[in-house]
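Enquirer: Residue numbers are given in numbering that gives the first Met the number 0: position 71 of the sequence shown equals residue 70, and the series is strictly consecutive.
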Amino acid sequence: MTYEAAVTIAEFEALQRLVAYSLSADRIEAARLVMVDGLSNQEAADRFGVTRQAIWKTVERMRETLHAYREAKATEEAALSRVLPRGWKRVTVSAPGAIVDRFVAEAEVAYQARMHQVAEAEAALRFHAERPKKAS
């Protein structure tokens with residue numbers, strides 16, 4: 000019997016960094032077998048020569064940490080969505096260096112153009128705010 004894997008490899012790699020100070024490498028690897036590879040607690044316990052309950056406790060501890068990690072990540076995404084210019088999106092990309100370099104250069108040009116627009120809009124607002132009002 001296998002447990003449904005619910006954690007991506009990338010999430011687990013981030014998670015293991017968060018628990019490395021408090022769990023042994025064997026316990027972390029056993030939890031990976033359950034959380035990423037989909038093995039049962041008993042199958043992981045058999046591989047590492049520990050009890051099923053020990054694996055369950057480790058997996059539960061890691062799930063709690065994962066929950067906190069996901070909440071923090073969602074909070075970060077929400078904060079970023081408030082500070083990005085309208086129509087912009089934040090992405091993580093793995094691609095050949097030349098493609099990433101071109102993308103970064105284009106993003107910088109777009110960012111500078113956006114900052115120029117913001118500066119012009121702010122100048123226009125200041126101009127209109129400082130102009131004397133005509134009497135009716």
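Cβ atoms here follow ideal geometry from the backbone N, Cα and C, with glycine treated the same way. If you're wondering where the values come from, they're calculated on a predicted model, not measured in any experiment.
#1: Between which two residues does the alpha helix (DSSP H) holding Tyr-110 run?
#2: How should Thr-7 be labelled, buried or exposed, when 16 other C-beta atoms within 10 angstroms of its C-beta is the threshold for buried?
#3: Can you tell me whether DSSP reads Leu-83 as helix, strand or coil?
#4: Consult DSSP for Met-0 and reduce its assignment to one of helix, strand or coil.
#5: Measure how close the beta-carbons of Ala-44 and Ile-54 come, nearest whole angstrom, since I'm counting them as under 8 angstroms.
#6: With distances taken from CA atoms, which of Val-33, Ala-77, Thr-64 and Leu-65 is nearest Gln-52?
#7: Identify whether Leu-22 lies in helix, strand or coil by the three-state DSSP scheme.
#8: If the criterion is Cβ atoms closer than 8 angstroms, does the pair Arg-69 and Leu-79 meet it?
#9: Express the C-alpha separation of Lys-72 and Leu-124 in angstroms, rounding to a whole number.
#10: Just grab the DSSP bridge partners of Leu-14 for me.
#11: Tell me whether the beta-carbon of Ala-29 lies closer than 8 angstroms to the beta-carbon of Thr-74.
#12: Is the beta carbon of Arg-18 sitting closer than 8 angstroms to the one on Ile-27?
Expert: Walking through what the data contain:
#1: 96–129
#2: exposed
#3: coil
#4: Confidence is the limiting factor: at Met-0 the pLDDT is only 46, short of 50, which leaves the residue's position unreliable, though a coordinate-based value still follows. Coil at Met-0, not helix or strand.
#5: Sure, about 5 angstroms apart at Cβ, within 8 angstroms.
#6: Val-33
#7: Looking at Leu-22 - three-state DSSP - the assignment turns out to be coil, as it is neither helix nor strand.
#8: Cβ distance not < 8 angstroms, so Arg-69 and Leu-79 don't count as in contact.
#9: 36 angstroms
#10: In DSSP, Leu-14 forms no bridge with anything.
#11: no
#12: For the sequence presented, residue 18 should be read as Val rather than Arg. Cβ distance < 8 angstroms, so Val-18 and Ile-27 count as in contact.
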